[in-house]
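**Q** Pasting in a structure now, in structure tokens, and then I'll have a few things to ask.
In the numbering used here, the protein residues as written are 2 to 73.
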């Protein structure tokens, strides 16, 4: 199961390690991945979806490109 995280608190090694350890304790069948977007981009994607106009794959790819927000 793909699992991700969001927020600066995960930059703290003890927090990230504890998160991973808890996932392992609950169920070892996961793939912990870094976020694809900055949190603000996630908010935009969610808002677009709620508005009934989700962004297409091209727009999402542009948000991950160097012209878009910095990579996490």
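From the three backbone atoms N, C-alpha and C, an ideal C-beta is built for every residue, glycine too. Note that the structure is predicted; figures quoted are calculated from it, not measured.
Under 8 Å, with one C-beta from each stretch per pair, do the region 6-14 and the region 32-40 reach the 3-pair mark?
**A** Verdict: yes, contact present.
**Q** Ordered along the chain, which non-local residues of its own chain (more than five positions away) have a Cβ less than 6 Å from that of residue 16?
**A** Excluding sequence neighbours, residue 16 sits near 10.
**Q** Please say whether residue 62 and residue 55 have beta carbons closer to each other than 8 Å?
**A** Going by C-beta atoms, residue 55 is not nearer than 8 Å to residue 62.
**Q** Along the alpha helix (DSSP H) that carries residue 50, what are the first and last residues, could you check?
**A** 40-51 is the extent of the alpha helix (DSSP H) around residue 50.
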